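Chemist: Sequential numbering of the sequence shown, starting at 45, is according to the working numbering. Even for Gly, the Cβ is constructed at its ideal location relative to N, Cα and C. Predicted, not measured: the structure shown is a model, and the values here were computed from it.
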Amino acid sequence: LSTYGGIMFITFYVYAIVGMELFQGLITYHGYDESVLNESQLYCGNPRLESSDFYRHHYCSNNFNDVASSFVVLFHLMVVNQWHDIAHGHVLVTSKYARLFFISFHIICVIVILNIFTAFVLEAFMLEYSLSKR
45 LSTYGGIMFI
55 TFYVYAIVGM
65 ELFQGLITYH
75 GYDESVLNES
85 QLYCGNPRLE
95 SSDFYRHHYC
105 SNNFNDVASS
115 FVVLFHLMVV
125 NQWHDIAHGH
135 VLVTSKYARL
145 FFISFHIICV
155 IVILNIFTAF
165 VLEAFMLEYS
175 LSKR
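#1: With Tyr76 and His102 assumed to form a contact (beta carbons below 8 Å), what rounded beta-carbon distance in angstroms separates them?
#2: My assumption, with CB atoms under 8 Å, is that Val137 sits in contact with Leu93. Please give the rounded CB distance.
#3: Touch check for the segment 53–69 and the segment 167–174: three-plus C-beta pairs under 8 Å?
#4: Exposed or buried, Phe119, counting other C-beta atoms within 10 Å across all chains shown (16 or more means buried)?
#5: Scan the segment 71–133 and note each continuous beta strand (DSSP E) run of 3 residues or more that stays entirely inside, going in chain order.
#6: Asn125: buried (16+ other C-beta within 10 angstroms of its C-beta) or exposed?
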């Protein structure tokens with residue numbers, strides 16, 4: 045289990061660093077009260093997000109501005125929590141090629157690593173179950 049945690053940490057750390065290189069500073073969180081925000085703080089600090097679901101669903105705090113925020117975003121992506129809105133918001137502020145970042149994370153983390161973890165847990169259960177029947 046500790047090997048699994050190490051693999052997840054390394055995967056998260058690599059994607060956090062790459063995400064910070066790609067998206068740092070493009071999305072900022074200033075709150076959502078448009079009456080007190082100045083022009084540069086509206087729409088997560090980026091006018092490209094004005095009519096997006098990313099802004100409408102209040103995902104401005106899901107950004108890659110520091111390592112801690114990056115880990116939170118990657119956790120949201122790992123548990124598939126509105127990952128399409130988060131990915132689309134980052135695509136709007138960069139380019140359509142940013143989708144490769146999110147799709148590769150989904151394939152590597154969600155499909156491969158989490159399935160390996162699930163198989164490990166099921167194998168441990170089956171081993172314990174077969175030993176208890178003897």
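Modeler: Short version:
#1: Within the sequence shown, numbered from 1, the residue matching residue 76 stands at position 32. Within the sequence shown, numbered from 1, the residue matching residue 102 stands at position 58. Yes, Tyr76 and His102 are in contact; Cβ-Cβ is about 6 Å, under 8 Å.
#2: Mapped onto the sequence shown, residue 137 falls at position 93. Mapped onto the sequence shown, residue 93 falls at position 49. Indeed, because the Cβ distance is near 7 Å, the residues count as touching under 8 Å.
#3: no
#4: The residue labelled residue 119 in the question sits at position 75 within the sequence shown. Its Cβ having fewer than 16 others within 10 Å, Phe119 is exposed.
#5: If only uninterrupted beta strand (DSSP E) runs of at least 3 residues are considered, none is enclosed by the segment 71–133.
#6: Along the sequence shown, one-based indexing puts residue 125 at 81. Under the 10 Å beta carbon count, Asn125 is surrounded by fewer than 16 other beta carbons and is classified as exposed.
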